[in-house]
Each structure stands twice: as C-alpha cells, then as structure tokens.
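Beneath this line is the structure, given in structure tokens, with notes to follow.
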Amino acid sequence: MSIVLPLAEPVRRPRPDTARVADGERLATRLRHQVGRAIADFGMIEEGDKVMVCLSGGKDSYTLLDILLQLQKKAPVKFELVAVNLDQKQPDFPEHVLPAYLESIGVAYKILEQDTYSVVTRVVPEGKTMCSLCSRLRRGALYTYAAEQGFTKIALGHHRDDLVATFFLNLFFHAKLSGMPPKLLSDDGKHVVIRPLAYVREDDIVDYAAVKDFPIIPCNLCGSQENLQRKQVKRMMDAWERETPGRIETISRALGDIRPSQLSDAKLFDFLGLGKAGAAPVVDAPVWLDEASVETDDTQVNDAQVG
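Residues in the sequence shown are numbered from 810 upward in steps of one, following the working numbering.
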C-alpha cells in the first residue's frame, strides 16, 4: 500500500538585497519615463519654473518629489523645486518627520502651519464627510503661499487611478463628464496646477514607496471615513481590475481620446447644423415640445382620474 504524504509548505525566503535593489531601479526607471512623458505631453514644467511640490507625508507626494528630483538632474530645462507641507494641526501629527526627511535629502522646504483641523471638526457635523471643506481650506493656504513666494507651478501627487476615480465620481454623483486634468489653471487664473503622476499606477507607487522606505504619515482626519463616495468608486475599480486586468488603463487612455460627435453635448458639437438641408431656420424647442398641448393633455388626464 502506498502512502501519500502531504506536500510540505513552501518556505518563503526573503529576496536578496541585490534583487530588491534591481527591482527598485527598474520601477524607478518606469516612473521617470511616465512622469517625464506626462510633463512633455502637457507642458507641465518650463525653463526657469519655480515649482512648489505639495508634500502631505503620504506615499503619492513622497514619490512625486523623489521622481521630480531625479528628473531635475537631467532635464532639458532648469527649474527649481521646493517642498511645502501644510501642518493642519491634527492630533498627534508627528511634526518632526517631514523636516527630518527633507533635511536628510537636502531639499529646500517650508512647513506652513494653519489649524484647519479645528475648523473642520467644528463646522462639519460628526459622521459627515470632512474632505470637501478640508480640501478647500488646504488649497487656500497653499495658493496664498504660492502667490507670496512667486511659485510658477504647483505640483500635486494625484496619480492615474485618482484621475479615473474622479471621472466616475462626477459621472455617478454629479451627472457630468469631467475629471481631474493633468494640468489646470486655478479659478482665479493665478496658479497653474500640475499632476506629473497622471500616467502612474497607484500599485506602482505603493511598491516604490515600500522600496524607498518613505516615512509615511497617515491622515487621521479623514482616513477613517469609510463611506465616502470616493471609497465606493475605489472598491468598484479594484473589483474591475481583479476581474479584467488592464481595464483601468484602458479607461485612463479613453480620457485622452474624447470624441464630442459621439456624445450628446450640443455645446461641444454642432448637432443642429449636422446634415441640415437649405437655409431654413431651426425650429425652437418650445415649438417641438408643444407645451400648450402637453398641459391640456395632463389636465384631461387629471380630470378623468378625479371623475
């Protein structure tokens, strides 16, 4: 009689440091290529720019700063980088972490202090989403400092997945096709906002942050709000990617291939003039709607129901 023994559990040995370093270098090369391409495609950085890199202490902004520093050394144009963090006075915020890190890598930086945390927690009812107000206050503080210091560009750490998620947020919850552009002029026309990570996958940023061992600072203000609309969209996108790998990349590319004639916005495409024969005037909508008849029909129906 033969006896079948269970297979031994495979032993997971840590990868040699050399392999880990090689993986990190390949990933860094890919990120530099993607960021460089985004900068070139959208004209994000020009000769003589003074770029304010908004550093939150999260994986995205650390990666943004790190890759921009690498590109700065070989860029075809000369530009200045300054890391700026807004200390929002959240409880237990480790104030020493960012200064220590930035000094260790020799980067010019500024820590702004503004107690937006108290404002948000006082104004927003408990259990409600804090992100909108927090974002407005943070943006106001950063824009003000950028104007005072003469920054020509404001760099944010939003990545490819953020851009796609924002598109779906606007689609599902605001009934409009709009998103988070890689380059944006602020509403007051005074600031140019750039998102150099626009082509970078969030998973790659997660891996890169682990390789670089960035001192990540979690956001205790809004990170625990599990019912946010953005988190719902993120769960949907994660499920899609598990079922059909590459779908998010396809959607990301679609955001750069807009075809107004295939949609329904008469402000972007001349549907009225399309295929129009002769010079006869276009009939106004109220005539087509025949609003008087509609009102009469509704009245008759209501009368019949009452009778």
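Using N, Cα and C, we set each Cβ at its ideal position, and we do this for glycine too.
As the structure is a prediction and not an experimental result, all values here were calculated from the model.
Straight across, the Cα-Cα distance linking E1058 with Y1008 is about 9 Å.
In the three-state reduction of the DSSP assignment, A837 falls in the helix class.
In this structure, the alpha-carbon of K962 lies about 22 Å from that of D970. Our two residues, A831 and R839, have alpha carbons roughly 13 Å apart in a direct line. DSSP places M861 in the uninterrupted beta strand (DSSP E) bounded by K859 to C863. Using a Cβ distance threshold of 8 Å, L877 and A964 count as a contacting pair. P903 is classed as exposed because its beta carbon has fewer than 16 other beta carbons within 10 Å across all chains shown.
With a minimum length of 4 residues, there is no unbroken run of alpha helix (DSSP H) contained wholly in the stretch 1065 to 1095. Looking at K898, K887, D1016 and E855, the one whose alpha-carbon comes closest to that of A837 is D1016. Annotated as distal: V891 and M853, with beta-carbon spacing of 8 Å or more. Counting along the chain, no alpha helix (DSSP H) covers E904, and no H or E run does either. The three-state reading of DSSP puts D1099 in coil, since its state is none of H, G, I, E or B. With the rule of 3 Cβ pairs closer than 8 Å, the stretch 1010 to 1025 does not count as touching the stretch 1075 to 1094.
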